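Everything on this sheet refers to the single structure shown next.
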Amino acid sequence: MRTILITGASGGLAQEMVKLLPNDQLILLGRNKEKLAQLYGNHPNVEWIEIDITDDSALEALVADLYLRYGKIDVLINNAGYGIFEEFDKISAQDIHQMFEVNTFALMNLSRRLGARMKERGKGHIINIVSMAGLIATSKSSLYSATKFAAIGYSNALRLELTPDSVYVTTVNPGPIRTAFFDQADPDGSYLKSVDRFLLEPDTVAKKIVKTIGKNKRELNLPLSLNLAHKFYSLFPKLADKLAREIFNYK
Ligand SMILES: NC(=O)c1ccc[n+]([C@@H]2O[C@H](COP(=O)([O-])OP(=O)(O)OC[C@H]3O[C@@H](n4cnc5c(N)ncnc54)[C@H](OP(=O)(O)O)[C@@H]3O)[C@@H](O)[C@H]2O)c1
């Protein structure tokens with residue numbers, strides 16, 4: 011049986027991934043035990059843990075305990091994350107600090123701690139749920155994009171270091187997904203309304219992620235239209251900036 015650890019476990023995407031993993035031992039991390047119990051109480055082979063993933067000493071103790079009890083973790087899915095879509099000058103120093111703590115530093119600390127164990131074992135898979143915003147920056151996503159660009163940079167280097175030890179690193183970069191993410195990122199719903207026709211359903215994204223488990227896949231960029239936009243952005247950044255400013259300015 012595979013042992014799979016997922017962060018941000020009560021989120022919309024995580025809920026769909028869990029549904030697709032009935033035969034695995036799941037370790038689900040979240041901020042609220044009651045919420046996790048309510049969501050996953052009836053699920054077989056689930057352990058849920060309330061933890062502040064921004065506290066690295068708590069992560070250290072957790073990893074030591076999990077390895078004592080399970081002996082191995084096959085897959086880490088760094089899924090916890092949030093966004094605030096705001097103009098750069100409306101974002102506080104505290105927002106900057108906190109979002110990096112969750113979206114980037116926690117992902118790095120868990121990847122670092124579990125990556126080392128996987129490397130020792132010569133087997134494992136780290137799946138980092140990042141975002142299209144980590145490949146293409148748009149207005150009002152300066153902070154969110156910065157946290158996600160950093161997560162991709164980290165993951166790309168990690169992949170190079172871990173490949174010789176048969177540990178895979180996959181980045182997942184979805185466009186907008188219909189989840190509670192937007193309750194915080196876009197409280198008045200205006201962005202969500204303007205991208206409605208591009209919205210991905212969480213079950214579709216979850217299916218694609220679950221399919222990559224155990225496969226040496228570099229990145230999963232979706233939907234196809236945004237993957238193409240990302241290629242265009244890399245090849246023609248000046249023109250892409252112009253289009254992003256004048257036509258595709260949805261936030
Ligand atoms: N929805 C989108 O449009 C979209 C697009 C691209 C990428 N993503 C990424 O996909 C991942 C999953 O998001 P989702 O769409 O499933 O959104 P979601 O339903 O809001 O779930 C995200 C989960 O992350 C955890 N989280 C959020 N803020 C946190 C904080 N301050 N401290 C610690 N944990 C926090 C929470 O888990 P707990 O409540 O269990 O602690 C939350 O349920 C995120 O990394 C997000 O950036 C989302």
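Take 11 as the starting number for the sequence shown in the working numbering and just add one per residue.
Beta carbons are placed, not taken as given, at the ideal position from N, Cα and C, and that holds for glycine.
Computed from a predicted structure; not experimentally measured.
Across which residues does DSSP place residue 88 in a beta bridge pair? 138
Residues that residue 181 bridges to, as DSSP identifies them: 138, 229
If we count the other Cβ atoms within 10 Å of its Cβ and call it buried at 16 or more, is residue 255 buried or exposed? exposed
What number of angstroms, rounded off, separates the C-alpha of residue 124 from the C-alpha of residue 175? A direct Cα-Cα distance of roughly 13 angstroms separates residue 124 from residue 175.
What runs of the beta strand (DSSP E), each 3 residues or longer, lie entirely inside the region 183-258? 229-232
Would you check if the distance between the CB atom of residue 2 and the CB atom of residue 209 is smaller than 8 angstroms? Lying outside 11 to 261, the shown extent of the chain, residue 2 is not represented and no answer is given.
Please tell me whether, using a cut-off of 7 angstroms, the distance from the CB of residue 197 to the nearest non-hydrogen atom of ligand 1 is below it. no
Any non-hydrogen atom of ligand 1 closer than 7 angstroms to residue 284 Cβ: No statement about residue 284 is possible, as the shown extent of the chain runs from 11 to 261 and does not include it.
Residue range of the alpha helix (DSSP H) that includes residue 157: For residue 157, the enclosing alpha helix (DSSP H) covers residues 152-172.
Can you give me the Cβ contacts of residue 250 inside the same chain, cut-off strictly under 7 angstroms, excluding the 5 residues immediately before and after it? 242, 243
For ligand 1, is there a heavy atom less than 7 angstroms away from the beta-carbon of residue 90? yes
Would residue 172 and residue 225 be called neighbours here (beta carbons separated by less than 8 angstroms)? no
Quick check on the burial criterion: 16 or more other C-beta atoms within 10 angstroms. Buried or exposed for residue 98? exposed
Cut-off 7 angstroms between Cβ atoms - residues of its own chain near residue 158, not counting five sequence neighbours on either side: Result list for residue 158: 113, 140, 141, 143, 144, in chain order.
Buried versus exposed, by CB contacts within 10 Å (16 or more), residue 115: buried
Going by beta carbon distance, what residues of the same chain come within less than 8 angstroms of residue 262, once the five residues before and after it are set aside? Beyond the ends of the chain as shown, which are 11 and 261, falls residue 262; an answer cannot be given.
Kindly identify the DSSP beta-bridge partner or partners of residue 40. 60
Give the range of the alpha helix (DSSP H) segment to which residue 120 is assigned. 116-131
Within the present structure, is the beta-carbon of residue 41 separated from the nearest heavy atom of ligand 2 by less than 7 angstroms? No copy of ligand 2 occurs in the structure displayed; its ligands are ligand 1 alone.
Classify residue 101 as helix, strand or coil using the three-state DSSP reduction. Note: residue 101 maps to coil in three-state DSSP.
Report the rounded CA-to-CA distance for residue 161 versus residue 108, giving the unit in angstroms. 15 angstroms
Under a Cβ-count criterion, where at least 16 other Cβ atoms within 10 Å of its own Cβ denotes burial, should residue 303 be classed as buried or exposed? The displayed coordinates of the chain run from 11 to 261. Any statement about residue 303 would go beyond what the structure contains.
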